[in-house]
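One structure below.
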Amino acid sequence: MTIEDNALGAELRRRRVAAGLSLSELAHKVHCSRSFLSRVETGQRRASVELAQLCDQVLDAKGVLTALAPPSLDSLPRPVRTGSGRRAAGPAGGHALRAGAQRHQEFDRLLRRGDLSHTTGDMREADRLYRAALHGAAGDPRAQAEAVIRMARRWSDPGQVDHELLHLLRNSLAELQGDGGAEAVGLRLRLTAHLAKKVSMAVSEDTAAGRVGPEEGAGLAADTLSRLPADGRDSRDGRDGRDVRGLQDGRDGRGGRDLRDVRDDEVRCEVLTECRWARYDFAPAAEALALSQKLHDAAVRLDSPYFHGEALMALVIDQLRTGRVYSALATASQYRKYAADTRSVLATWQRHTLDALLDLWHGRFDAAADWILGESPKYIEGLHADLAVPADALRQTRLGQAFWLLREQGRMAELFTSDLAEDVERHAYFPIWRAGLALALCETGQHAEAADLLVGFAADTVDFSRFPPSGWAVPTLVVLAEACAALDIQGGYETRLRELVPGLRERLAPHDGQQIALAGWPTVLVGSTARARGLLALAAGEPETALGHFRQAAVPARSSQPELARLRLAQARALRGAGGPGNEAQARNLLQEALRSARAYGMAGLAAQCGRLLEDSGRD
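One rule links them: number in our numbering = place in the sequence shown (from 1) + 71.
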């Protein structure tokens, strides 16, 4: 008879094959027969904990196989005896102790198996196991909170709140409200961090959780971070601060409890991971980078595959946003190793997505196209068929990279002759897709339609004042600046630009220096914020101001020849607008350099712009 749940056997076989060992070779190493090991793998025999431990050691499975081994009845605790030799509890009491121990071990086993499924990328199976753990822990609020925390790690549909998880998180917080134990303090911190992130996922009032929106989520995250012990100093649980009762149905207000007993790295990793995301749209990129660096340090100490992957991805994202491209390349290399070690389909997807982002930034468009247009759709279909992750998150990432590839290669017209345009319009509740559509209209000669779309966009968002101060707002503003630059170059849209440009400049003002706008998490680098500010200054008729921004933009542009080519074209336009001796000759030199780069990298649209401007200067 085959064992119904053969998670251990399946994982043992996967790791044995990956290690390049035959059944006979592994059997010899763990001191059992080949036939017995074969029956364990196929689910016909049940492995002992001792055999699982030996396999763990040989295959360097770091305890995964032991966690999957079913507990032995002999390993359960025996009833405690008194000094006279009598049982401390009667037969019923002893049975209850053994049953409780069995339930506890089964709960731990379900969590560990769920963690394994999550690490390997099967979020559907992980969610099933976590739900089983949640239901099996009925009557134990701490255990149920642990299961809810694991469930909250799952991916949700991008840009929208997950109402089921909000309900579970709030209920768990309410159940733990009267628990003064140190473990409960840590659980409340972790639950609240997840609650903050889930609330902050909305990108508009239409996708928010009622009257509680992203700002409240970011505020809750800031409060949670303030209660996390840092650098060996105690913080207080329930300290005075912002009132978050509307979010968690009553905050932990006992006050004055030291958190010295919950200074463990799992609590720290969980809080830093979730609160960094919760504040992503509201905190400066430099602040997010500081959090991701702390997260990485804590994840290294904890030695958790889940948090190690989360920390590396958070770190590379924030390094890119702050213009530290070469540091990001080193972190991306570490993530590739992580993806290979975990053999997770999802981690492999993220690794390829990150590689494609860097290929686009560096002008390796053919390599990017191989993934974006070739392999990526196959991964999406496979993961969607298995329901492992929300497919929309993957589709939007691929859509963003395909959009940018077409833009960089001057093939934007293909957007409107494929199914990509329909996907863009379907996701228009994301502001960046409305901005992207306006840019696509400009680059395909539909300037009047683009201008109408931009004016409507400004009206809906009250001159963009409804944008958050950071996060998704930054790439959206940069793409809008690109569209305004296209209208400026086309000419005849001065009145419309006077309506649009002031609001955009005000929102982009805090984002200068070496910052690079990153769309998605991550999808594409859409350009430096300093160059975008320069484009808006040009559209406002301030070429000297624009030149100042372009000088700042030169630093992040050095890591990208395509970005540098676009910067040189913009600098040439500003020099011409400023006038003065020698400026025309310098502008022409810049245009020629930009044209050479555009041709070398196959940027047909940019090459055409440079050519037209060079022809205009020749006629003058």
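Just so you know, even glycine gets a beta-carbon here, dropped at the ideal spot from N, CA and C. As the structure is a prediction and not an experimental result, all values here were calculated from the model.
In this structure, the CA atom of Leu454 is about 8 Å from the CA atom of Val416. Following the DSSP letters along the chain, one finds Ile587 inside the beta strand (DSSP E) bounded by residues Ile587 to Gly591.
Between the stretch 615 to 624 and the stretch 414 to 433 there are fewer than three C-beta pairs closer than 8 Å, too few to call the two in contact. Under DSSP, Gly598 shares a beta bridge with Ala588. Rounded to the nearest whole angstrom, the CA to CA distance from Gly91 to Leu97 is 10 Å.
Short of 6 Å from the beta carbon of Asp494, and not among the five residues preceding or following it, lie these beta carbons of its own chain, in chain order: Leu470. If you draw a straight line from the Cα of Arg84 to the Cα of Ala427, it comes to about 32 Å. Rounded to the nearest whole angstrom, the C-alpha separation of Ser188 and Pro229 is 22 Å.
Around the CB of His238, fewer than 16 other CB atoms lie within 10 Å, so the residue is classed as exposed.
Its chain contains Ala473 and Leu476 as the residues whose beta carbon lies nearer than 8 Å to that of Leu444, once the 5 sequence neighbours on both sides are disregarded; these appear in chain order. Pro285: member of the alpha helix (DSSP H) spanning Pro285 to Ser297, first to last residue.
Cβ-Cβ distances below 7 Å link Ala399 to Val387, Gln390 and Leu391 in the same chain, with the five nearest sequence neighbours on each side left out; the list follows chain order. Going by DSSP, Gly207 is part of the alpha helix (DSSP H) stretching over Met194 to Gly207.
Here Leu247 carries a coil assignment [DSSP, helix/strand/coil].
Taking C-beta atoms as the reference points, Leu247 and Ala292 fail to come closer than 8 Å.
In the three-state reduction of the DSSP assignment, Phe487 falls in the helix class.
Counting the other Cβ atoms within 10 Å of the Cβ of Gly171 gives fewer than 16, which makes it exposed.
Per DSSP, reduced to three states, the secondary structure at His102 is coil, with no helix or strand assignment. Ranked by Cα distance from Ala385, the first of Asp412, Leu343 and Asp374 is Leu343. Gly91 sits in coil when the DSSP states are folded into three classes, being neither helix nor strand. Assigned with DSSP and collapsed to three states, Pro581 falls in coil, not helix or strand. Ranked by how close their Cα comes to the Cα of Thr515, the residues Leu360, Gly394, Gly288 and Ala679 have Ala679 in first place.
With 16 or more neighbouring CB atoms inside 10 Å of its own CB, Tyr409 falls in the buried class. Contact between Ala521 and Ala544 does not hold, since their C-beta atoms are separated by about 20 Å, which reaches or exceeds 8 Å. A check of alpha carbon separations from Arg183 across Ala208, Ala669, Leu139 and Asp198 identifies Leu139 as the nearest.
Counting along the chain, Trp432 sits inside the alpha helix (DSSP H) bounded by residues Val416 to His433. Taken through DSSP and simplified to helix, strand or coil, Trp543 comes out as coil. Annotation for Ile220: the continuous alpha helix (DSSP H) segment containing it runs Pro212 to Ala223. Note that the stretch 172 to 180 does not touch the stretch 104 to 115; fewer than 3 beta-carbon pairs, one per stretch, sit closer than 8 Å.
Counted as a single uninterrupted DSSP element, the stretch harbouring Asn77 is not any alpha helix (DSSP H), since DSSP gives it neither H nor E. Taking C-alpha positions only, Glu82 is separated from Thr413 by approximately 12 Å. Here Ser630 carries a coil assignment [DSSP, helix/strand/coil]. At a Cβ-Cβ threshold of 8 Å, Gln517 and His498 do not count as neighbours. Put simply, the backbone Cα of Pro627 is about 24 Å away from that of Ala649.
Residue environment for Pro652: exposed (fewer than 16 other C-beta atoms within 10 angstroms of its C-beta). With fewer than 16 other CB atoms across the displayed protein chains lying within 10 angstroms of its CB, Thr566 is exposed.
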